[in-house]
Every structure is written in C-alpha cells, then in structure tokens.
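Residue numbers (the UniProt record's numbering): 1 to 226. Idealized CB from N, CA, C, for every residue including glycine. Since this is a predicted model, take the numbers as computed values, not measurements.
Here is the structure:
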C-alpha cells in the first residue's frame, strides 16, 4: 500500500522551517512521500525612465537571477535534509507564475496529496484583512485537509514551557517587598545604640552642682554669726 502524500509549503522563512520540523517530530510515518511547493515572488519591473538610460534594467535582472538562485538553493537544502533523514520526495515544485496561495492549491491538486502543511506568520485580524493571509487562502480554497502550524509564541506547548521557566525563576528570586523588613530592621538597630551615650553626660554634672551649693552655704554661714 502506498504511503501518504503530504505537501509542505516552503518560502525560506522560519515559519516554513517550523512547519517542516513539526511534521518530522509529530506526524511523520516511514512510508510518507513529500511534495515541496515554493513560489517565487519576483520583484516588480520598475517604470521606464524618460529619456531612456541604457542599462537601466540591468539591476532589476540581477535581482531576479539572485532570487531564482536562492530559491533553487533552498529546495536543494530541503532535499538534502530529507535524504539524511530517509524521507522520500516525490516532487519539489518551483513556481514563479502564480501567487503563493493559488500555487499551493494547484500543486496539491496536480500531485494528488492528502494533506497540506504550511506555517503561519501569526498576523492579527487587521493585518490579515489588509495584507491577506496565504494560510487563510489555502484553508478556504484547497479541497483537502490543511494543517497550519502557528508561530512559536502562539504555540500552547511553547507558552506552557515559558510559564514554567518564569515561575521557577520567581521562586528563586525574592521580591523587593520581602526584602524591605530586613532593611528596616538593619536601619533601626543604630538608633538604639546612639540613644545610650546621649543620656550619660546629663547625669554627671549633678554632684558638682550640689558641691557648689554646699560651698555657698558655708560661705554665707559666717556672715550670719558675726
């Protein structure tokens, strides 16, 4: 019995790499056959200047060739990874005629795949409305199951692990509120020590005052007898 045919959309971003890693770690079977789909969005042709300058489009052509070379190298990288992991590849489609969404659906239909896997950029509702979402297009236009792998910061397993790390760090580190009583107690000790020497000088002059009074009485006493 033939294995499953699974299409993985790749574009060189961390989201497509995460989608491929998720497949390998979670749902891969030994008899699976993969189809890679990559759509190259060529840079738009700049408007022709007036008067025309010879060689104006040379930079644009160089950008196109560079983008094509990077796309071929990316497909070759995934093919090499699959060979290392003993994953069979049925096809690796490189397309620059269509937009990514329609191209993925077209490749999936032509290769008779049973599942599409692609990464999500994690756009909010407003950005999806104005910029559009490739994953939304594929989900609504592909006539087969579609698996959208969310970004790392929206993965429940990733968030749970992050919460556990923060809890363990908070348990090891005392809060500033817990340290305040200790500091206050340290500051209160010098006050009691300083108060003792202040009272000692006040008790010493008393005998001197008494002796002076006795001296005055002795000096005045002879005056009354004479």
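- Task: Go ahead and label residue 104 buried or exposed: buried means 16 or more other beta carbons lie within 10 angstroms of its beta carbon, across all protein chains shown.
- Result: Here residue 104 is buried, its C-beta having at least 16 other C-beta atoms within 10 Å.
- Item | Classification of residue 13 by the beta-carbon crowding that lies within 10 angstroms, buried from 16 upward | Around the C-beta of residue 13, fewer than 16 other C-beta atoms lie within 10 Å, and the residue is accordingly described as exposed.
- Starting from residue 147, follow its DSSP beta bridges and name the residues at the other end. 117
- Message: Within a Cβ cutoff of 7 Å, which residues of the same chain sit near residue 142, ignoring the five residues on either side of it in sequence?
- Response: 105, 108, 116
- Task: Apply the 10 Å Cβ neighbour rule to residue 145 and answer buried if 16 or more other Cβ atoms are within range, or exposed otherwise.
- Result: exposed
- Message: Can you check whether the C-beta of residue 143 is within less than 9 Å of a C-beta belonging to chain B?
- Response: As a matter of chain content, chain B is missing from the structure shown, which is built from one protein chain.
- Count the other CB atoms, across all protein chains shown, that sit within 10 Å of the CB of residue 140; report buried if there are 16 or more and exposed otherwise. exposed
- Message: Could you tell me the alpha carbon to alpha carbon distance between residue 5 and residue 77, rounded to whole angstroms?
- Response: The alpha-carbon separation between residue 5 and residue 77 amounts to approximately 20 Å.
- Query: Is DSSP giving residue 104 helix, strand or coil here?
  - Reply: In the three-state scheme derived from DSSP, where H, G and I count as helix and E and B as strand, residue 104 is classed as helix.
- Distance, residue 37 Cα to residue 9 Cα: 5 Å
- Message: According to DSSP, simplified to helix, strand and coil, what is residue 20?
- Response: helix
- Message: I need the straight-line Cα distance from residue 15 to residue 58, nearest angstrom please.
- Response: Rounded to whole angstroms, residue 15 to residue 58 spans 32 Å at the Cα level.
- Task: From the DSSP output, in three-state form, read off residue 137 for me.
- Result: helix
- Task: Could you have a look at residue 92 and say whether DSSP puts it in helix, strand or coil?
- Result: Per DSSP, reduced to three states, the secondary structure at residue 92 is strand.
- What residue from 68, 88, 61 has the CA that sits closest to residue 31's CA? When each option's Cα is compared against that of residue 31, the closest is 88.
- Would you call residue 44 buried or exposed, if buried means 16 or more other Cβ atoms sit within 10 Å of its Cβ? exposed
- Message: In this structure, how does DSSP classify residue 39 when only helix, strand and coil are distinguished?
- Response: strand
- Query: How should residue 134 be labelled, buried or exposed, when 16 other C-beta atoms within 10 angstroms of its C-beta is the threshold for buried?
  - Reply: buried
- Could you please give the first and the last residue of the uninterrupted beta strand (DSSP E) stretch that includes residue 9? Looking at the DSSP string, the run of the beta strand (DSSP E) that includes residue 9 is 5-9.
- Task: Determine which residues share a DSSP beta bridge with residue 66 and list them.
- Result: According to DSSP, which records beta bridges pairwise, residue 66 is partnered with nothing at all.
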